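J.: Encoded as structure tokens, here's the structure I'll be asking about.
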Amino acid sequence: LDHIVYFSLSINLMTIVAGNIALLVFVSSRPKSRMTYYITNLGVADLCVGIFCVLPQFIDRVLMQFYGPESLCKMKFFTQTTVSYGAAYALVVLSIDRVDAIANPLRASTSRRSE
Numbered sequence: 003l004d005h006i007v008y009f010s011l012s013i014n015l016m017t018i019v020a021g022n023i024a025l026l027v028f029v030s031s032r033p034k035s036r037m038t039y040y041i042t043n044l045g046v047a048d049l050c051v052g053i054f055c056v057l058p059q060f061i062d063r064v065l066m067q068f069y070g071p072e073s074l075c076k077m078k079f080f081t082q083t084t085v086s087y088g089a090a091y092a093l094v095v096l097s098i099d100r101v102d103a104i105a106n107p108l109r110a111s112t113s114r115r116s117e
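The sequence shown: position 71 = 73 (my numbering), numbered continuously.
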């Protein structure tokens, strides 16, 4: 049963990292707009979730105990919580922007678009 958990966590981590790096490469080649800015922030937040939340969870499952000092353990939980909230808030801001675009379709965007 443990090897199934290890396999699923490793596949999950690889998918998160590869998918978000591909998203950032794709978005960086597009014209700058408010939407690409939000999508880029969401991609960075999801990449941080993969690195700071999924990877330590995978390591904890493999080692079965924490070998670092207590301060590092507390910092790990603080970082995981902060990154999780950041990703959730990035998604909320993206959703609010889309609701605003649907509610006010004819209002001109105040953001500048680069050529």
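Glycine included, every Cβ here is placed at the ideal spot set by N, Cα and C. Note that the coordinates shown come from a computational prediction; the quantities given were computed from them, not determined experimentally.
1) Excluding the 5 residues flanking I41 on each side, which residues of the same chain have their C-beta closer than 6 angstroms to its C-beta?
2) Please classify F9 as buried or exposed, where buried requires at least 16 neighbouring CB atoms within 10 angstroms.
3) With DSSP collapsed to three states, give me the class of Q82.
4) Specify the secondary structure class of A24 as computed by DSSP and reduced to three states.
5) Using the beta-carbon count (16 or more within 10 Å), is S116 buried or exposed?
6) For V56, which three-state DSSP category applies?
7) Is the stretch 31-47 close to the stretch 84-96, with three or more CB pairs under 8 angstroms?
8) At the level of alpha carbons, what is the spacing between L11 and L108?
9) So what does DSSP say about G45, is it helix, strand or coil?
T.: Concretely, from the data shown:
1) Against the sequence shown, residue 41 aligns to sequence position 39. Here the set comprises V29.
2) Counting from one through the sequence shown, the residue named residue 9 turns up at place 7. With fewer than 16 other Cβ atoms within 10 Å, it is exposed.
3) Locating residue 82 in the sequence shown gives position 80, where the first residue counts as 1. In this structure, Q82 counts as helix in the three-state DSSP scheme.
4) Looking up residue 24 in the sequence shown gives position 22. Of the three classes helix, strand and coil, the one that applies to A24 here is helix, per DSSP.
5) Position 114 of the sequence shown holds residue 116. The pLDDT assigned to S116 is 49, lower than 50, so where the model puts this residue is not dependable; a value taken from the coordinates is nonetheless given after this. Exposed, because fewer than 16 other Cβ atoms sit within 10 Å of the Cβ of S116.
6) Walking along the sequence shown from the start, residue 56 turns up at place 54. V56: helix per DSSP, three-state reduction.
7) yes
8) Here residue 11 refers to the residue found at position 9 when the sequence shown is read from its first residue. Here residue 108 refers to the residue found at position 106 when the sequence shown is read from its first residue. Looking at the two C-alpha atoms, the distance is approximately 45 angstroms.
9) The residue labelled residue 45 in the question sits at position 43 within the sequence shown. If DSSP states are grouped into helix, strand and coil, G45 belongs with the helices.
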